[in-house]
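**Q** Let me begin by handing over the structure; questions about it come next.
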Amino acid sequence: MDGKMRALVTIPAGKAEIQEVPIPKPLPGHALLKINATAQSNDLNGIAVSKPGVICGDDFAGTVIDPNGTTLQKGQRVAGFVMGSDIDPCRGTFAQYAMAHPDYVFHVPDSVTNVEAASISLSLATATVSLKWLEIPDATDPVKKPFPVLIYGASSSVGLFAVQLCRMAGLYVIATASKRNHELVKSQGADVVIDYRDEDWIDQVKKVADVWGGLHHVFDTISTYQTTKACVQTFPEEGGHIVCIMARTAEEIGLPANVKLNVALCYTVFGENLGSKKVELYESFQDTEGARPQDQQTWKAYMKAIPNWLETKALRPNPLRLQGGLDNILEGLELQRKGLVSGQKLVYTID
1 MDGKMRALVT IPAGKAEIQE VPIPKPLPGH ALLKINATAQ SNDLNGIAVS KPGVICGDDF
61 AGTVIDPNGT TLQKGQRVAG FVMGSDIDPC RGTFAQYAMA HPDYVFHVPD SVTNVEAASI
121 SLSLATATVS LKWLEIPDAT DPVKKPFPVL IYGASSSVGL FAVQLCRMAG LYVIATASKR
181 NHELVKSQGA DVVIDYRDED WIDQVKKVAD VWGGLHHVFD TISTYQTTKA CVQTFPEEGG
241 HIVCIMARTA EEIGLPANVK LNVALCYTVF GENLGSKKVE LYESFQDTEG ARPQDQQTWK
301 AYMKAIPNWL ETKALRPNPL RLQGGLDNIL EGLELQRKGL VSGQKLVYTI D
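Under the UniProt record's numbering, the first residue of the sequence shown carries the number 1, and numbering increases by one thereafter.
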């Protein structure tokens, strides 16, 4: 399909603007989609480190307009997320058209809107990879004997999906969130929700976990220096395993020898060795060297499971806020930069 489209494209000085660019020609094994909706994630980081000329955006819901020999059918509604950035400058989804591989999209049920579908994949993938690092069982293969897991920052987009995946995996979910989000987090499946603003929140977590013989698995969805250092204090004397989604190191935190730390990056679900890409964003993460087929295998299985999960309400999208269209994305990114986005996922419809 020839022609031009509108897209949000990076420009010098770590900024972006709406430009008219060529409609991408799908790569072999990829289909061309008309983007119906896209969602905002942590796109500020990608924009800041990408070279000029990169189409921004990861999450999408779209309609197949050119299957290009894939298993997808023209007119199908699908959703997913892409790995764009400097690896493939024309792949981003803050655009009228984008390409996608059939292994990494899910079919959108009739009961699910484009806006809802667009809000799911990147945050869910981040939760998926993080829980794989923690050696948490997959949601499609629940445990027979529950054990506790702490989700710190459970009302975040990633946190809400982590709670749901852990619930489906049969675990006992201890969560932290501000008081105003306690009911939301409980509704997603948390067994206990503790206010992280409480001075004794660490002691509260330990008291709950002691019933299970202590806490040995923590997912820090916020991953600042302060939150990770605090989360480590929830472990018993024998230590534990913590996973972050921002670049943290054991040396920085001062981890004891019996605490294991990993840093998860959602793009490992695509089965590529991110450490070989020489992309600044990926190189800042310590655990991107070598492909992780276990992440890819689980993500492909989840792509097949998601339509049923959505129809049965086993998986629920985040609370959403429709922010407008393509021309409003820069406004939404500015809200995010100012810290004015909380408890909601910003979503945009694309004409």
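For glycine and all other residues, C-beta sits at the position ideal for the given N, C-alpha and C. The structure displayed is predicted, hence computed values, not measured ones.
Please return the same chain residues whose Cβ sits closer than 8 angstroms to the Cβ of L150, not counting the five positions on each side in sequence.
**A** Same-chain partners within the cutoff: I174, A175, T176, V205, A209, L215, H217, V218, F219, C231, T234.
**Q** Give me whichever residues DSSP pairs with F147 in a beta bridge.
**A** In DSSP, F147 forms no bridge with anything.
**Q** Taking P293 as the reference, give the member of Y267, S342, V78 with the closest Cα.
**A** That would be Y267, whose Cα lies nearest to the Cα of P293.
**Q** Can you tell me the Cα-Cα spacing of Q19 and A98, whole angstroms?
**A** C-alpha separation (whole angstroms): 15 angstroms.
**Q** Please classify L340: does DSSP put it in a helix, a strand, or coil?
**A** Three-state result, L340: coil.
**Q** On the CB-based measure, 16 or more other CB atoms within 10 Å of its CB, does V143 come out buried or exposed?
**A** The residue in question, V143, is exposed, as its Cβ has fewer than 16 Cβ neighbours within 10 Å.
**Q** Give the secondary structure of A118 by DSSP, where H, G and I count as helix, E and B as strand, and everything else as coil.
**A** Looking at A118 - three-state DSSP - the assignment turns out to be helix.
**Q** Assuming contact is defined by CB atoms lying nearer than 7 angstroms, are D59 and L122 in contact in what I supplied?
**A** Yes, they are a contact pair.
**Q** Could you tell me whether the stretch 300–317 touches the stretch 326–339, where touching means 3 or more Cβ pairs closer than 8 angstroms?
**A** These segments do not touch.
**Q** Using three-state DSSP, classify V82 as helix, strand or coil.
**A** V82: coil per DSSP, three-state reduction.
**Q** Since V78 and R91 are thought to touch, with beta carbons under 8 angstroms apart, how far apart are those beta carbons, to the nearest angstrom?
**A** Rounded, the Cβ-Cβ distance is 15 angstroms, inconsistent with contact.
**Q** So what does H101 bridge to, in DSSP terms?
**A** For H101, which the question treats as bridged, DSSP gives no partner whatsoever.
**Q** Using a Cβ-Cβ cutoff of less than 7 angstroms, which residues in the same chain neighbour L44 once the five nearest sequence positions on both sides are dropped?
**A** Hits under 7 angstroms: L333, Q336, R337.
**Q** Tell whether a beta-carbon distance below 7 angstroms holds between Y348 and T126.
**A** Cβ distance not < 7 angstroms, so Y348 and T126 don't count as in contact.
**Q** Excluding the 5 residues flanking P236 on each side, which residues of the same chain have their C-beta closer than 6 angstroms to its C-beta?
**A** G214.
**Q** If I measure Cβ to Cβ from V129 and keep anything under 6 angstroms in the same chain, skipping five residues before and after, which residues do I get?
**A** Excluding sequence neighbours, V129 sits near A264, C266, T268, D295.
**Q** Suppose contacts are defined by Cβ-Cβ distances below 7 angstroms. Is S155 in contact with V185 by that definition?
**A** Cβ distance < 7 angstroms, so S155 and V185 count as in contact.
**Q** Taking the beta strand (DSSP E) that I17 falls in, what are its first and last residues?
**A** A quick correction: the sequence has Glu, not Ile, at residue 17. Looking at the DSSP string, the run of the beta strand (DSSP E) that includes E17 is 15–22.
**Q** Taking only three categories from DSSP, how would you classify L165?
**A** DSSP places L165 in helix when its eight states are reduced to three.
**Q** So, with DSSP's three-state summary, where would you put C56?
**A** In this structure, C56 counts as coil in the three-state DSSP scheme.
**Q** Look at the alpha carbon of V112 and the alpha carbon of E311, and state the distance between them as a whole number of angstroms.
**A** Roughly 8 angstroms between the two C-alpha positions.
**Q** Measure the C-alpha to C-alpha separation of W201 and D195 and round it to an integer number of angstroms.
**A** Cα to Cα, the separation comes out at about 7 angstroms.
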